[in-house]
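Before any comments, here is the structure.
There are 2 protein chains.
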Amino acid sequence: MKTSCLFAILLGTTCWAANATPPQVNGRRIIQHLEGLSEYGKNPQGGVSRVAYTEADRAGREYVMGLMREAGLEVSIDVAGNLVGTRAGTDAALKPIVIGSHIDSVPEGGNYDGDVGSLGAIEVVQTLKERGVRLRHPLQVIIFENEEGGLLGSTAIALGADAARLNSVSQSGKTVREGVKFLGGDPGRIAEAKRQPGSIRAYIELHIEQGAVLEHEHVQIGIVEGIVGILDSEVMVEGFANHAGTTPMDQRHDAMLSAARFVEKFNLLVTAVPGRQVGTVGWIKAEPGAYNVIPGKVGLGLELRDLDAGKIKTLFDRSREAADEIGRLNGTTFNFSSRDISAPALTDKSLQGMIGATAKRLNLSTKLMPSGAGHDAQEMANLGPIGMIFIPSVGGISHSPKEFSNPGDIENGANVLLGTLQSLDVAKELK
Amino acid sequence: MKTSCLFAILLGTTCWAANATPPQVNGRRIIQHLEGLSEYGKNPQGGVSRVAYTEADRAGREYVMGLMREAGLEVSIDVAGNLVGTRAGTDAALKPIVIGSHIDSVPEGGNYDGDVGSLGAIEVVQTLKERGVRLRHPLQVIIFENEEGGLLGSTAIALGADAARLNSVSQSGKTVREGVKFLGGDPGRIAEAKRQPGSIRAYIELHIEQGAVLEHEHVQIGIVEGIVGILDSEVMVEGFANHAGTTPMDQRHDAMLSAARFVEKFNLLVTAVPGRQVGTVGWIKAEPGAYNVIPGKVGLGLELRDLDAGKIKTLFDRSREAADEIGRLNGTTFNFSSRDISAPALTDKSLQGMIGATAKRLNLSTKLMPSGAGHDAQEMANLGPIGMIFIPSVGGISHSPKEFSNPGDIENGANVLLGTLQSLDVAKELK
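Top line first, the protein sequences correspond to chains A and B.
Residues in the first sequence are numbered from 1 upward in steps of one, following this note's numbering.
Residues in the second sequence are numbered from 1 upward in steps of one, following this note's numbering.
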């Protein structure tokens with residue numbers, strides 16, 4: 001080992017012989033593979049409907065397994081139905097580094113969410129193979145099953161799948177149990193998919209941003225600080241239904257008016273504090289729901305997301321207090337259910353540094369940012385350190401046939417994944 | 001004629017021989033008749049479902065026709081299906097005075113809306129018969145068909161029924177055409193039901209308030225100033241649907257937030273001006289309507305009611321202006337459809353005075369008030385002067401099995417109707 005390499009290891013960067021350039025992925029090939037994959041579940045109006053457990057999903061996975069084998073990976077389907085490709089390292093005693101994403105889509109989804117990270121990861125391995133680069137760590141590429149239906153595959157690996165989950169009906173119409181079997185898994189033995197905390201060196205995922213922050217700020221690479229936690233709450237506003245013609249304005253207990261005041265106040269509370277937290281009221285329903293009846297009940301769905309679980313709780317508490325005040329104005333009451341959809345999952349600081357250093361070496365601009373959407377990485381955080389790399393989404397659009405990322409950005413993302421992987425391979429154990 | 005009677009005629013009041021007391025209705029009998037009628041369409045949980053054109057409606061009408069005949073009325077069913085009871089006056093050259101209401105109910109309605117006015121009117125005639133009082137004017141009691149489905153019977157008499165209306169499907173499942181036939185009308189000749197403007201001396205209707213104003217203010221008789229006009233508008237708020245996690249708060253075009261701001265502003269606009277106008281947002285719908293998607297579209301239903309059509313228009317215009325301002329805040333747009341459900345129908349001032357004088361003579365407290373709900377009287381206003389008498393609704397509840405008016409109030413209302421009818425009979429022609 002050259003002395004410069006020793007320093008590089010200590011610094012967490014990668015060393016290359018003076019006469020060698022760092023390997024680079026073949027950007028054109030990723031795009032060809034994205035086009036190839038887009039045939040499976042293709043919609044007439046563009047994009048794909050490659051919903052997990054459908055024939056399109058299974059066929060797309062066959063295509064991807066072919067690419068994995070071409071990249072020199074040994075491919076298997078685990079009992080949970082995940083595709084797992086492994087490549088031995090030079091030191092079999094080391095824990096594996098895992099990279100990957102998913103290829104299932106929402107109904108009428110696009111060709112980038114999940115696909116970019118999946119095919120980007122395979123391309124990284126193909127590049128290593130072509131350049132004859134051996135890593136010290138075993139490398140695994142995992143294409144997680146049914147991400148869009150609730151991170152099914154990564155949950156099975158990181159936390160274990162429960163029976164309720166297996167019996168739930170997925171968007172394909174099949175139960176998860178039937179779906180896992182359909183994909184070649186073994187639902188009866190799904191518990192065996194679970195890995196132990198500390199069993200992986202790290203998990204790194206490349207993904208499209210699904211928002212417009214990078215595009216707006218003309219930044220090429222997002223260094224994800226973490227995946228936000230999500231709290232959902234069903235809010236029930238109760239007043240008193242009455243005739244809209246015969247009930248004077250000052251004698252009303254109008255649940256709609258209270259709900260409206262709350263929606264506005266909730267927005268004010270969320271935006272009043274610094275930070276990148278978001279708060280949304282996504283659905284609303286008034287009862288009985290007619291022009292000529294003052295609504296007696298209004299239900300609405302509130303969601304809060306942030307990297308800081310404490311901030312989510314504070315904002316939720318403030319919202320409930322504000323609701324009580326609003327209710328007092330016209331004799332209506334508010335009731336909040338609450339459900340922690342997911343806890344925040346922070347990425348590893350050392351991995352953030354390696355992603356940043358790699359991007360810098362490649363002359364790519366970066367921005368530290370939260371992931372507002374959920375990802376398999378948040379489940380994998382239960383097993384070891386995680387890192388996530390974002391590339392820009394044009395118009396911030398995702399879960400739509402209009403979803404698009406530029407080929408140059410996709411290539412950049414895969415190169416950052418490759419460089420980060422190599423840095424990690426030679427870095428000291430993460431703290 | 002006694003001299004005092006001459007004065008009474010000039011003053012628009014009634015004269016009685018010194019040794020005679022003014023006739024009074026039999027309050028107990030009205031309650032018995034209300035109980036009798038409540039058997040038709042009776043719900044297990046209370047109240048009735050006597051929806052127009054159902055078997056319960058037809059059977060209830062048979063019962064009522066029996067009461068009408070007992071009161072000495074000559075009963076027929078007109079081509080529109082209305083029950084018309086006539087009693088000759090002493091001067092056949094005079095235009096008829098019409099009193100009445102309806103006996104059809106909403107699904108799961110109560111035993112007072114319409115019924116009190118219908119049975120009250122019949123009781124007035126029964127009392128006149130028992131006391132041997134002949135009026136100068138011919139008297140008609142009309143029990144209008146299908147009031148709750150949109151004032152069908154009174155519209156046919158006052159304005160004429162159109163083909164679209166006849167072909168529409170009523171709440172009974174039958175078309176109006178089938179329903180009118182079912183009740184004994186002749187839909188093919190329904191145009192003949194229409195009467196000419198100026199063809200009636202006046203129409204007077206007794207009704208429950210359907211609001212809580214009289215009860216709150218401990219007033220016994222409401223003198224209705226008019227029946228409010230109604231404007232309905234479907235408001236469509238358009239923004240841009242986006243991921244609730246990945247879209248920063250300052251990059252949203254949130255249709256829900258704009259809709260909420262509008263609902264609150266609309267309430268402020270309606271309550272900011274003096275008067276008894278009411279404004280309601282009764283229904284709302286967000287699209288796509290999920291916790292994790294910022295709504296791209298929100299539709300809502302707005303309604304304005306007032307006695308003054310100009311005020312309705314002004315408030316509607318102000319609401320649209322306010323909406324445009326709200327839209328500018330976050331790049332959303334508002335579109336308003338508008339539909340005049342009904343024009344305001346003012347009651348006759350002389351009739352208001354006679355109702356007030358009668359109540360005073362009976363030692364009953366009164367209040368001038370609008371009717372926020374629609375009534376057959378508003379259609380009859382096209383044919384001649386109208387008057388309306390309200391009695392208190394307990395808790396302001398109507399269109400519900402919980403609808404209730406006290407027996408004493410019902411008796412008071414019928415006595416005011418009787419006295420007003422007699423005053424009108426001897427009064428000079430209304431201006």
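Each residue gets a CB set at the ideal place from its N, CA and C atoms; glycine is no exception.
### Task
State the Cα-Cα distance for the pair residue 254(A) and residue 382(B), rounded to the nearest angstrom.
35 Å
### Message
Within 10 Å of its beta-carbon, does residue 411(B) have 16 or more other beta-carbons around it, so buried, or fewer, so exposed?
### Response
buried
#### Entry: Cβ-based neighbour list, residue 409(A), same chain, cut-off 6 Å, excluding 5 preceding and 5 following
391, 392
### Message
Give me the chain B residues within the contact set of residue 112(A), using Cβ-Cβ distance strictly less than 8 Å, ordered along the chain.
### Response
Result: empty, since nearest Cβ-Cβ is about 13 Å, beyond 8 Å.
### Query
Would the beta-carbon of residue 222(B) fall within 9 Å of that of residue 345(B)?
no
### Message
Taking only three categories from DSSP, how would you classify residue 368(B)?
### Response
strand
### Query
Across which residues does DSSP place residue 152(A) in a beta bridge pair?
Residue 152(A) is not bridged to any residue.
### Message
What does the Cβ neighbour count give for residue 106(A), buried or exposed, with the cut at 16 atoms within 10 Å?
### Response
buried
### Query
Less than 9 Å separating the beta-carbons of residue 84(A) and residue 119(A)?
no
### Task
In angstroms with no decimal places, state the Cα-to-Cα distance between residue 354(B) and residue 72(B).
26 Å
### Query
Whose C-beta lies closer than 7 Å to the C-beta of residue 58(B) among residues of the same chain, with five residues either side of it excluded?
182, 183
### Query
What number of angstroms, rounded off, separates the C-alpha of residue 336(B) from the C-alpha of residue 343(B)?
19 Å
### Message
For residue 167(B), tell me which candidate among 216(B), 160(B), 178(B) has the shortest Cα-Cα distance.
### Response
178(B)
### Query
Under the three-state reduction of DSSP, which class applies to residue 171(A): helix, strand or coil?
coil
### Query
Does DSSP put residue 301(A) in a helix, a strand or coil?
strand
### Query
Just to confirm, are residue 244(A) and residue 263(B) a CB contact at a threshold of 9 Å?
no
### Task
For residue 247(A), go through chain B and note every residue whose CB falls closer than 8 Å to its CB, in chain order.
211, 212, 278, 372, 396
### Message
According to DSSP, is residue 414(A) part of a helix, a strand, or is it coil?
### Response
helix
### Task
Closer than 8 Å, Cβ to Cβ, to anything on chain B: give me those residues from the region 230 to 244 of chain A, in chain order.
230, 232, 242, 243, 244
### Query
Candidates 51(A), 111(A), 139(A): which alpha carbon is nearest residue 88(A)'s?
139(A)
### Query
Between the beta-carbon of residue 144(A) and the beta-carbon of residue 150(A), is there less than 9 Å?
no
### Message
Excluding the 5 residues flanking residue 232(A) on each side, which residues of the same chain have their C-beta closer than 6 Å to its C-beta?
### Response
303, 339, 341
### Query
Should the region 99 to 113 of chain B be regarded as contacting the region 44 to 63 of chain B, the criterion being three or more beta carbon pairs within less than 8 Å?
yes
### Message
Distance check for residue 41(A) and residue 103(A), CA to CA, integer angstroms please.
### Response
11 Å
### Task
Using a threshold of 9 Å, state whether the C-beta atoms of residue 311(B) and residue 277(B) are closer than that.
yes
### Task
Kindly list the residues whose CB is nearer than 6 Å to the CB of residue 431(B), restricted to its own chain and excluding five residues on each side of it in sequence; keep chain order.
Because residue 431(B) sits at a pLDDT of 49, beneath the cut-off of 50, its placement in the model cannot be relied upon, and the point is left open.
### Query
Within 10 angstroms of its Cβ, does residue 327(B) collect 16 or more other Cβ (buried), or is it exposed?
buried
### Query
Taking C-alpha atoms, which residue in 158(A), 98(A), 387(A), 358(A) lies nearest to residue 22(A)?
358(A)
### Query
Can you tell which of 330(A), 218(A), 305(A) has its C-alpha closest to the C-alpha of residue 237(A)?
330(A)
### Cβ-based burial, residue 458(A) [other Cβ within 10 Å; buried from 16]
Here chain A comprises residues numbered 1 to 431, so residue 458(A) is not present and cannot be evaluated.
### Query
Just reading off the beta strand (DSSP E) that residue 235(A) is part of, what are its end residues?
229 to 238
#### Entry: Run of the beta strand (DSSP E) containing residue 279(A), from where it starts to where it stops
278 to 287
### Task
Hey, could you find the ends of the beta strand (DSSP E) residue 83(B) is sitting in?
83 to 87
### Task
Pull up the DSSP beta-bridge partners for residue 63(A), would you.
In DSSP, residue 63(A) forms no bridge with anything.
### Query
My guess is that residue 389(A) and residue 413(A) are in contact by the Cβ rule of under 8 Å, so how many angstroms apart are they, rounded?
6 Å
### Task
Pull up the DSSP beta-bridge partners for residue 140(A), would you.
86(A), 98(A)
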